[in-house]
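A quick write-up on the structure given underneath.
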Amino acid sequence: MALFQQLPDSVLLHLFSFLDGASLQWYKVAFDEVLWRNLVRQKIQKHATLPADKHSWREEYKRLSYQIPSDLAQDVAGHEDRIVFLTFSSRGNFLASVGENGTCRVWNYGRAITLQHILGPFFNPPLKARFCQFNESETLLMVTGLTQLFDFEGGVFVAVFSVPGMIHTGIGPAQINGLLTTLNIPAISSKTIQKRQMETGSAIEKVAEDTIQNVLQDEIHATAEYERIVPVLGEMSLGNATAPGLVSEYFLLGKYRIRQVRIQEDSCDYPEWVRRKTMTFSMNCSGEYWIGNEDSGDYNMSWREPLTYKPKRLSDTWSHRSSWSLKTIPYEGTLATYSGGGYTVLLDGNVSQSLSMIQDLQDSSWIDHRTRAVFVEFTTYNANIKLFCVVMIPFEFSNLGVIYPSYQIFSTKNFTYSSPLEVFTALCEILFVIFALAFFYFEIKRFYYGGRAKYFSDPWSYVEIIQIIMSFSIVGLYLKKIVSVSAKLTDLHITEEFVSFYTSIFWDMTLNYILAFFVALVILKFFKYLKFNIRMYFMSQTLSIAKKNLLGFSLMVVIIVVAFAHFAVFTFGPIVKGFSNMGQSLITLFQLALGDSDFYPIQQANRYMGPAFFFLYIFLVQWTVLVMFMAILNLAIKEAKNNMAQMKNDLEVVDYIYNRIHQILPKCH
């Protein structure tokens, strides 16, 4: 203290200028106007002047510091565009602002306000934010706004984010870092929104409040889905005849399995300019699933701890198993086609133990932002109708966090020959084998005596060869199916693990497909024996004459349709789902040619190009193309009539047989 008393006043004045307002309460300097003026110019405004109605720099500093949020105004001014919306979290820890360009910024509202996260503009086409709101616990941020598709009609989007840095517990397995869910709201015209801005703003606020409440409720009760599924499977495993509904009719075979399919870390790439724009926060890029980017690594009880070696014994929960080892077939889902491999969890009929294991998985974040599909797999048996059902319940995760649930049930009767009708079916199967062998013998004989050139000159010979191959394939697949089912039933008795019936179902499905082609081929062979009818012969002659012209003109039609399909993909693809890709565009144009038209989405996508495209395609395909086809067939019909008039009539075999039957059986007259 004595040292300070010996310092000159100018030095003390310079030292005190570095003190804040709380330290300037000393008696001798508390009312020094020079110090308070320097503090105002240093902390608030560089070239500030004392207003005419103010008489004290000290009072002016207190007014500017404690009555006007100068710090807030200074930091949020970092926006490159004008601020259109500003909101605080309920506890005052965070601040969110929306800029005019549709970007939402999240600020950490402490002693020093710092930018924590930048959200948007979202996706492609761009979705511009207009409103944002924190939930009560400050763990989620809901963002709403408008879609802008060039100058055409857009819609309203609602997205819910888990803001990085916020501690959030108690959320179900659907919790991921980033976008949790995006809800599509019926499209609203952008011009209508501009005309009725106030009403639309109120509507967005109402939708936002309802949406965030629904999302939170769904997340909080996510575990309840397991609590409903697990007891049902537990009842089925015990064969409880008193269980409600259809549960008492089915018996669970072995354990049931939960299988997860994941993608690799940073499985998508984005341009360098995006990387530079997002340097202010950690951006985790998770792409769409395809077999090439599937994660097949092994982990040590956490997805953050990959193993560099293959241990002898490791839990399948954190160790990847291939489709071959799991004996599982690939699955074609809504978003992608998934392999049969993955990370598996086996559960039995013990409800409490199963729920405990699921809770452990949830606590260890077994499902995270890299999860792309979760399959619940089990096999049931119905003793009443001797029916095996292999059930697969997939939950597909998009890279935006949206979950698409569905189900797939494969049913087959693997126990046969236990009823009189099935015994009769067995006799028919034996007759099928006998006829197949006899048919093969006669074809070999016809080939041997007729010669190779004569045999292969008949187009129906190729049909006979395909029929023989399919006949023997049916017999082989049927035997393979019986052997596979027998092996799986044996495994049920000797193991307590999950027994995969997918191989049996695969052979059964393949058998059904070949049977379908075989039956269709046999029915089509009736044309071979109907050629002796004059009308059928006339039809075949007409098509034979017109085939060259029809093929040539069909090629022109294909070129026209492909050209229209490419035009539709580039013009309407980003807006109309029916033209989102080339395959979908061809299907839509084919339906359009058949009269199944949907004009309004094309018109809404482009009010000028849409109608022109629609009417031009209808004119070329439904009028010009059909008229040309009819003209080609008319010319072929005339030529076929002239040819038949000059031919020797060898087509009276059917009429001759018909007349002979009438002579033998007079009652038929």
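Residues are numbered in my numbering as their position in the sequence shown, beginning at 1, plus a constant of 12. By construction, the Cβ of each residue, glycine as well, lies at the ideal position given by its N, Cα and C atoms.
(1) By the 10 Å Cβ neighbour count, where 16 or more other Cβ atoms means buried, how is GLN145 classified, buried or exposed?
(2) Taking the continuous alpha helix (DSSP H) assigned at TRP48, which residues delimit it?
(3) Return helix, strand or coil for PHE538, following the three-state DSSP convention.
(4) Alpha carbon to alpha carbon, how far is ILE405 from SER337? Give it in angstroms, no decimals.
(5) Determine the extent of the beta strand (DSSP E) in which PRO119 is found, giving its start and end residues.
(6) Would you report the Cα separation of SER174 and LEU412, rounded to the nearest angstrom?
(7) Could you say if the stretch 610 to 618 and the stretch 574 to 590 meet the contact criterion of at least three C-beta pairs nearer than 8 Å?
(8) For the putative contact between VAL155 and GLN272, defined by C-beta atoms under 8 Å, what is the C-beta separation to the nearest angstrom?
(9) One question on the structure: do LEU265 and LEU504 come within less than 8 Å of each other, judged by their Cβ atoms?
(10) Just mark ILE179 as buried or exposed, buried being the case when its beta carbon has 16 or more other beta carbons within 10 Å.
(11) Give the secondary structure of ALA60 by DSSP, where H, G and I count as helix, E and B as strand, and everything else as coil.
(12) Using CA atoms only, rank isn't needed, just tell me which of ILE95, ALA532, TYR460 and MET521 is closest to GLU112.
(13) Please state the DSSP three-state secondary structure of TYR490.
(14) Tell me the rounded alpha-carbon separation between GLY299 and GLU344.
(15) What does the Cβ neighbour count give for GLN128, buried or exposed, with the cut at 16 atoms within 10 Å?
(16) Along the chain, which unbroken stretches of the beta strand (DSSP E) at least 3 residues long are found entirely within the stretch 352 to 412?
(17) What number of angstroms, rounded off, separates the C-alpha of ARG316 from the C-alpha of TRP330?
(18) So, with DSSP's three-state summary, where would you put LYS140?
(19) What are the start and end residues of each continuous alpha helix (DSSP H) run of 4 or more residues lying completely inside the stretch 424 to 479, in chain order?
(20) Starting from the Cα of TYR311, find the closest Cα among ARG274, THR554 and PHE454 and give me that residue.
(21) According to DSSP, is GLY622 part of a helix, a strand, or is it coil?
(22) If you check the beta carbons only, do ALA558 and LEU501 fall under 8 Å apart?
(23) Output yes or no for whether 8 Å exceeds the beta carbon distance between TYR514 and THR356.
(24) Consult DSSP for GLY607 and reduce its assignment to one of helix, strand or coil.
(25) What residue range does the alpha helix (DSSP H) around ALA558 cover?
(26) Mapping DSSP to helix, strand and coil, what is HIS674?
(27) Pull up the CB-CB distance for TYR73 and LEU107, whole angstroms please, since I reckon it's below 8 Å.
(28) Could you check where the beta strand (DSSP E) with LEU107 kicks off and where it finishes?
(29) May I ask you to report which of helix, strand or coil DSSP gives LEU76?
(30) Is the beta carbon of PHE263 sitting closer than 8 Å to the one on THR424?
(31) When burial is assigned at 16 or more other CB atoms within 10 Å of the CB, is ARG49 buried or exposed?
(32) How about LEU439 and ILE486: are their beta carbons less than 8 Å apart?
(33) What residues in its chain sit with their C-beta under 8 Å from that of PRO342, if we drop five residues either side in the sequence?
Per the coordinate set shown:
(1) buried
(2) Counting along the chain, the alpha helix (DSSP H) containing TRP48 begins and ends at 45 to 55.
(3) helix
(4) 20 Å
(5) At residue 119 the sequence reads Trp, which differs from the Pro that was named. Note, TRP119: beta strand (DSSP E), 116 to 120.
(6) One C-alpha to the other measures close to 12 Å.
(7) The stretch 610 to 618 vs the stretch 574 to 590: in contact.
(8) Their Cβ separation, rounded to whole angstroms, is 29 Å, which puts VAL155 and GLN272 out of contact at 8 Å.
(9) yes
(10) With a pLDDT of 36 at ILE179, under the threshold of 50, the modelled position of that residue is not reliable, and the figure given next carries that caveat. The residue is exposed, with fewer than 16 neighbouring Cβ atoms inside 10 Å.
(11) Taken through DSSP and simplified to helix, strand or coil, ALA60 comes out as coil.
(12) Residue ILE95 is the option with its Cα nearest to GLU112.
(13) Here DSSP, grouped into helix, strand and coil, assigns TYR490 to helix.
(14) 18 Å
(15) buried
(16) 355 to 359, 383 to 394 and 399 to 409
(17) C-alpha of ARG316 to C-alpha of TRP330: approximately 11 Å in a straight line.
(18) strand
(19) 432 to 462 and 464 to 469
(20) ARG274
(21) helix
(22) no
(23) Against a cut-off of 8 Å, the Cβ pair of THR356 and TYR514 comes out as no contact.
(24) DSSP places GLY607 outside both helix and strand once states are collapsed to three, so it counts as coil.
(25) 546 to 584
(26) helix
(27) Not a contact, Cβ separation roughly 25 Å.
(28) 106 to 111
(29) helix
(30) Cβ distance not < 8 Å, so PHE263 and THR424 don't count as in contact.
(31) buried
(32) no
(33) SER335, THR349, TYR350, SER351 and GLY352
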